[in-house]
Amino acid sequence: FGDVNDFQAKGGLKAMGDALERGMVLVLSLWDDTDVSMQWLDSAYPTNMPLRKPGVLRGPCAGGADSAPAHVRAAHPDSHVAFSQIKVGALGSTFADPGRPGRRMSSGFVV
3 FGDVNDFQAK GGLKAMGDAL ERGMVLVLSL WDDTDVSMQW LDSAYPTNMP
53 LRKPGVLRGP CAGGADSAPA HVRAAHPDSH VAFSQIKVGA LGSTFADPGR
103 PGRRMSSGFV V
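Each number in the numbering used here comes from the position in the sequence shown (counting from 1) with 2 added on.
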């Protein structure tokens, strides 16, 4: 879509696989974006491009003043998030798969 291919510039899937082999830490958070109000995630962005251009319409959110962090924070001051029952394990090991008996490995819950 004309965006910089930052993923490829950093080595693409090969570099990602190498990083996964070294191990990673899962980090989850609740955050907002004061620069563009998260429009890059689920709205039309960039805002100066036609909606019909591939890659611009990224989701159903209207954007605008109601999406601005200042409005969201004021309208929902008690917002919070709870992450729970996150399973950790090798692919295919954190759920029962009747089509593949014997492949179940131990997995752990992170609370």
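Glycine included, C-beta positions come from ideal geometry on N, C-alpha and C.
*What's the call for S45, buried or exposed, on a 16-neighbour Cβ count within 10 Å?*
buried
_At least three beta-carbon pairs within less than 8 Å, the stretch 79 to 92 to the stretch 55 to 69_ = no
*Span of the alpha helix (DSSP H) holding G74?*
Note on residue identity: the sequence assigns Val, not Gly, to residue 74. Element bounds for V74: P71 to A77.
*Can you tell me where the beta strand (DSSP E) with K16 in it begins and where it stops?*
Looking at the DSSP string, K16 is not in any beta strand (DSSP E); the run it does join, the alpha helix (DSSP H), is G14 to R24.
*In or out: R105 buried (at least 16 other Cβ within 10 Å) or exposed?*
Note that R105 has pLDDT 49, beneath the 50 cutoff, so the model's placement of it is unreliable and the number below is only indicative. Exposed.
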